[in-house]
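Enquirer: Per the numbering used here, the very first residue in the sequence shown carries number 170; after that it's consecutive. We put the beta carbon where it would ideally sit given N, CA and C, even for glycine. These figures come from a predicted structure and were not determined experimentally. My structure is below; once you've seen it, I'll send some questions.
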Amino acid sequence: MTLEINNNLDSTNEYFKSLCEKFPNIKFNMTTDKVGSGTQLTVNLSPKLVEKMSKNPKLAEDIEKALSTEPATFEWLKNMCKTNGQELSTRYVVYDENGESVSSSELRTISNDNFSKIHKYDENRNKNIKK
Numbered sequence: 170m171t172l173e174i175n176n177n178l179d180s181t182n183e184y185f186k187s188l189c190e191k192f193p194n195i196k197f198n199m200t201t202d203k204v205g206s207g208t209q210l211t212v213n214l215s216p217k218l219v220e221k222m223s224k225n226p227k228l229a230e231d232i233e234k235a236l237s238t239e240p241a242t243f244e245w246l247k248n249m250c251k252t253n254g255q256e257l258s259t260r261y262v263v264y265d266e267n268g269e270s271v272s273s274s275e276l277r278t279i280s281n282d283n284f285s286k287i288h289k290y291d292e293n294r295n296k297n298i299k300k
């Protein structure tokens, strides 16, 4: 399902708002910071990428297709952590201005309150734009 971008959506902020409405189960931020928001799936989008998406329907389609897979990946990761005796405490994905993404998770052992941070910024780098 691709968001139709029409001439009336002329600002980056309007497009960003429509993206948030399209994916209500994702907490979006317009930043390149590598930060998450608790146990909710957080996706941080480069402001330059959002601007490009608001002007380029093909780019928007490619990125939105990638975004549509994030909730299922998030749920799968939560279940995998659970089977290993861990809990997913933070998960975020950062999309840079070129549409590439990196992700990171923070895991917690369920049996105690010791946190084990796992940052795999480059391991999950994805190219989300079809050439």
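At what residues does the alpha helix (DSSP H) containing K227 begin and finish?
Expert: For the purposes of this step, residue 227 is identified with residue 58 of the sequence shown, where counting begins at 1. Where K227 is concerned, the enclosing alpha helix (DSSP H) stretches over P226 to T252.
Enquirer: Output the distance between the C-alpha atoms of T181 and E220, rounded to the nearest integer angstrom.
Expert: For this step, residue 181 is matched to residue 12 along the sequence shown. For this step, residue 220 is matched to residue 51 along the sequence shown. T181 and E220: Cα-Cα distance of roughly 5 Å.
Enquirer: Can you tell me whether D231 is buried or exposed? The criterion is at least 16 other CB atoms within 10 Å of its CB, across all chains shown.
Expert: For the purposes of this step, residue 231 is taken as residue 62 along the sequence shown, with counting starting at 1. When all chains shown are included, D231 counts as buried.
Enquirer: Have a look at M222 and F243 and give me their C-alpha separation to the nearest angstrom.
Expert: To locate residue 222, count along the sequence shown from 1; it is residue 53. To locate residue 243, count along the sequence shown from 1; it is residue 74. Roughly 23 Å between the two C-alpha positions.
Enquirer: At the level of alpha carbons, what is the spacing between A229 and T238?
Expert: For this step, residue 229 is matched to residue 60 along the sequence shown. For this step, residue 238 is matched to residue 69 along the sequence shown. Taking the straight line from one Cα to the other gives about 15 Å.
Enquirer: Between the alpha carbons of K247 and G254, how many angstroms are there, rounded?
Expert: Position 78 of the sequence shown, counted from the first residue, corresponds to residue 247. Position 85 of the sequence shown, counted from the first residue, corresponds to residue 254. Going by the C-alpha atoms only, they are around 11 Å apart.
Enquirer: Would you kindly work out how many angstroms separate the C-alpha atoms of K300 and S258, rounded to a whole number?
Expert: Residue 300 sits at position 131 when you count from the first residue of the sequence shown. Residue 258 sits at position 89 when you count from the first residue of the sequence shown. Bear in mind that a pLDDT of 47 at K300, under 50, signals an unreliable position, so the number given afterwards is only what the model happens to contain. Their Cα atoms are separated by approximately 35 Å.
Enquirer: According to DSSP, is T211 part of a helix, a strand, or is it coil?
Expert: For this step, residue 211 is matched to residue 42 along the sequence shown. Note: T211 maps to strand in three-state DSSP.
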